[in-house]
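*Asks:*
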Amino acid sequence: MKVTIVNQEKKTDDALEQFSIDVLTGLCSKPKNLPAKYFYDDEGSKIFQKITQHEDYYPTRSEFNILSKIADTLPELLKEDEIDIIELGVGDGHKSKLVIDGFTRAKTKVNFYPIDISREAMNLLNTNIQENELLSIEGIVSEYFQGLTHIRENSTNKKLVLFLGSNIGNFNNVQVQGFLRRLWLCLNNDDYILIGFDLKKDINKLLTAYNDSAGHTTNFNLNLLTRINRELGGNFDLSKFQHFGTYNPSLGAMLSYLLSLEAQDVEIKSLERSFHFKPYEAIHLEYSFKYIESDIEFLSGHTGFEVIDHFYDDNKYFTDSLWKTKK
Numbered sequence: 004m005k006v007t008i009v010n011q012e013k014k015t016d017d018a019l020e021q022f023s024i025d026v027l028t029g030l031c032s033k034p035k036n037l038p039a040k041y042f043y044d045d046e047g048s049k050i051f052q053k054i055t056q057h058e059d060y061y062p063t064r065s066e067f068n069i070l071s072k073i074a075d076t077l078p079e080l081l082k083e084d085e086i087d088i089i090e091l092g093v094g095d096g097h098k099s100k101l102v103i104d105g106f107t108r109a110k111t112k113v114n115f116y117p118i119d120i121s122r123e124a125m126n127l128l129n130t131n132i133q134e135n136e137l138l139s140i141e142g143i144v145s146e147y148f149q150g151l152t153h154i155r156e157n158s159t160n161k162k163l164v165l166f167l168g169s170n171i172g173n174f175n176n177v178q179v180q181g182f183l184r185r186l187w188l189c190l191n192n193d194d195y196i197l198i199g200f201d202l203k204k205d206i207n208k209l210l211t212a213y214n215d216s217a218g219h220t221t222n223f224n225l226n227l228l229t230r231i232n233r234e235l236g237g238n239f240d241l242s243k244f245q246h247f248g249t250y251n252p253s254l255g256a257m258l259s260y261l262l263s264l265e266a267q268d269v270e271i272k273s274l275e276r277s278f279h280f281k282p283y284e285a286i287h288l289e290y291s292f293k294y295i296e297s298d299i300e301f302l303s304g305h306t307g308f309e310v311i312d313h314f315y316d317d318n319k320y321f322t323d324s325l326w327k328t329k330k
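The structure is reproduced here in structure tokens:
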């Protein structure tokens, strides 16, 4: 598998500076917060794979069920002899392999472009998907939109963008429209996107999934503090913080927090300051918004796309929605 690193040389210092700014801004805010995008360093990517494989976490199984059912349907709908399949945030590639295999069974030539900010994600992918006479792979290590721009500059094929899992749910109602519109700008007329949406359901099912019994979600969240310690010179004591995940029915979203178990001060050397935590003060880390079908139709119609179909798992816990770009 070929791996292309887009703008990495000039990005490294800028990315660390932006990380510093975001940590400073977040920990000075009331309530304190840290952006979820910083979860996914190499170690975070590994831990997230453990979350997705745990029995308490239904979204991965649900989406796997969907993709298994529609793998041979997608080539019939798109009707292309050659296609670029682009995945935003590839993970270990198990789900994208289902889609790719459907196209190659239909004798469609596939150029697969997984895009991820983590080089480790490419290593995970490389163990699960191998090139063959109908499949070429070029891994792109970059931010999503930089990667999409790189691909668009180098290929004129019809594109199918995969944004799987429940990643779309990490954006609030304003951010999600901005993200989808930027995605629209990176695509051509009649290109396609397949987006995973976690659906509203019994609250207990959600609470169990986001507070898994193995503690993987706890480790995933605490790894963000480890990253701050490593990259910014922080002295967070992980034993003094507790993961807490809950559902807000007014927002229609799961929320993840880390709670300070005692009054404490945390120094971050690169920021040249300390931050005080009161007992049980929270750092908000992540939203995970849940949807109903009308929400999905609204987003599509307001960001330049047309819904082709919604595909559901057997329990209707999750949907992968196929959209076409309209310009």
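Counted the way the numbering used here counts, the sequence shown spans residues 4 to 330.
Where a beta carbon is used, it is the ideal one built from N, C-alpha and C, also for glycine.
Which whole-angstrom value is the C-beta distance of L228 and F247, which I expect to be below 8 Å?
*Replies:* Actually they do not touch by this definition, with Cβ atoms about 14 Å apart.
*Asks:* Beta-carbon within less than 6 Å of T211's beta-carbon, same chain only, minus the 5 sequence neighbours each way: which residues are those?
*Replies:* D59
*Asks:* Which value, in whole angstroms, describes the spacing of the CA atoms of L163 and G150?
*Replies:* 14 Å
*Asks:* Note down, in chain order, each residue of its chain lying with its Cβ closer than 8 Å to the Cβ of A266, except the 5 sequence neighbours on either side.
*Replies:* H279, F280, K281, P282
*Asks:* Where does K293 land, buried or exposed, given buried means 16+ other C-beta within 10 angstroms?
*Replies:* buried
*Asks:* Tell me which same chain residues have a C-beta within less than 8 Å of the C-beta of G29, skipping the five on either side of it?
*Replies:* K35, N36, L37, P38, I286
*Asks:* Give the secondary structure of G181 by DSSP, where H, G and I count as helix, E and B as strand, and everything else as coil.
*Replies:* helix
*Asks:* Determine whether the beta carbon atoms of F67 and K100 lie at a separation below 8 Å.
*Replies:* no
*Asks:* Can you name the start and end residues of the beta strand (DSSP E) that F67 belongs to?
*Replies:* F67 -> not in any beta strand (DSSP E); alpha helix (DSSP H) instead, spanning 61 to 73.
*Asks:* What whole-angstrom Cβ distance do F200 and L91 have, given they're in contact under 8 Å?
*Replies:* Wrong, their Cβ atoms sit about 14 Å apart, outside the cutoff.
*Asks:* Are at least three pairs of beta-carbons, each pair with one atom in the region 127 to 140 and one in the region 169 to 177, less than 8 Å apart?
*Replies:* no
*Asks:* With DSSP run on the structure shown, which of helix, strand or coil describes H153?
*Replies:* helix
*Asks:* When you compare only the Cα positions, how much space is there between I89 and L70?
*Replies:* 16 Å
*Asks:* Just to confirm my understanding: we take P62, look at its own chain, exclude 5 residues before and 5 after, and list those with CB closer than 8 Å. What are they?
*Replies:* So the qualifying residues of the chain are T55, G168, S169, G199, D201, A212, Y320, F321.
*Asks:* Could you round the C-beta distance between C189 and T152 to whole angstroms and report it? I think they count as a contact, below 8 Å.
*Replies:* 6 Å
*Asks:* According to DSSP, E90 sits in a beta bridge with which residue or residues?
*Replies:* P117, L165
*Asks:* Can you tell me whether L37 is helix, strand or coil according to DSSP?
*Replies:* coil
*Asks:* Can you list, in chain order, the residues of its chain with a C-beta nearer than 8 Å to that of L77? Leave out the 5 residues immediately preceding and following it.
*Replies:* V102, G105, F106, L163, L197, L325
*Asks:* Give me the residue from I206, K330, N318 with the minimum Cα distance to T306.
*Replies:* K330
*Asks:* Which residues bound the beta strand (DSSP E) around F308?
*Replies:* For F308, the enclosing beta strand (DSSP E) stretches over residues 308 to 315.
*Asks:* Using a Cβ-Cβ cut-off of 7 Å (strictly less than) and excluding sequence neighbours within five positions of S65, which residues of its own chain qualify?
*Replies:* D316, N318, Y320, F321
*Asks:* In the DSSP assignment, find the beta strand (DSSP E) that holds V269 and state where it starts and stops.
*Replies:* Taken as a continuous stretch (DSSP letters only), the beta strand (DSSP E) holding V269 covers 267 to 271.
*Asks:* Compare the Cα-Cα distances from K243 to each of I86, E20, D268 and report the closest residue.
*Replies:* D268
*Asks:* Out of R122, A74, N157, N114, state which residue places its alpha-carbon closest to the alpha-carbon of I8.
*Replies:* I8 has its Cα closest to that of R122, out of R122, A74, N157, N114.
*Asks:* Can you check which of these residues, F314, T328, G47, is closest to I73 by C-alpha distance?
*Replies:* F314
*Asks:* Taking just the CA atoms, how far does E270 sit from L127?
*Replies:* Approximately 34 Å, taken between the alpha carbons.
*Asks:* Let me know the secondary structure DSSP gives F321 once reduced to three states.
*Replies:* strand
*Asks:* Closest to S277 by C-alpha separation, out of R108, E20, T130, F239, would be which residue?
*Replies:* The shortest CA-to-CA distance from S277 to any of R108, E20, T130, F239 is the one to F239.
*Asks:* Below 8 Å on the Cβ atoms is my contact criterion, and I expect F223 with G47 to pass it. Report the Cβ-Cβ distance as a whole number of Å.
*Replies:* 6 Å
*Asks:* CB F42 to CB L235, shorter than 8 Å?
*Replies:* no
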